[in-house]
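Chemist: Before I ask anything, here is the structure I am working with.
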Amino acid sequence: MKTESISVECYAGYKADERPTSFVFAGRDLEIEAIVDRWYDVDGNYFKVRADDGMLYLLRHDLEVDGWELVLPDGEAG
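Heads up: the sequence shown begins at 18 in the working numbering, then just goes up one per residue.
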């Protein structure tokens, strides 16, 4: 799995970084219009999101380092 570190703004409800609301990728600020799917794993929390550019992205919150990454499709370099 290839990833790229990204900057993410989050909604913080009853816990910190509850869900992402926007992120910066390739120099562009992208607002998240919808969370299409989410799942939790031992290595992090995953969010499949639709951004305001109409594209789907897979974001991963790495719990060990408290950082965010964009999971890149196979064959795509960051």
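Glycine included, C-beta positions come from ideal geometry on N, C-alpha and C.
Since the model is a prediction, treat every value here as computed from it, not as a measurement.
What residues in its chain sit with their C-beta under 8 Å from that of Asp-91, if we drop five residues either side in the sequence?
Modeler: For Asp-91, where only same-chain residues beyond five positions count, the Cβ hits under 8 Å are Lys-19.
Chemist: I need the boundaries of the beta strand (DSSP E) containing Asp-54, first residue and last residue.
Modeler: Per DSSP, Asp-54 belongs to the beta strand (DSSP E) from 45-58.
Chemist: Rounded to whole angstroms, what's the CA-CA distance from Ser-39 to Leu-47? Just pull it up for me.
Modeler: In a straight line, the C-alpha of Ser-39 is about 6 Å away from that of Leu-47.
Chemist: Does the beta-carbon of Val-25 have 16 or more other beta-carbons within 10 angstroms, so that it is buried, or is it exposed?
Modeler: Buried.
Chemist: Would you grab the beta carbon distance between Val-41 and Ile-52 for me? Rounded to a whole angstrom, and I think it's under 8 Å.
Modeler: That belief does not hold up - the Cβ atoms of Val-41 and Ile-52 are roughly 18 Å apart, past 8 Å.
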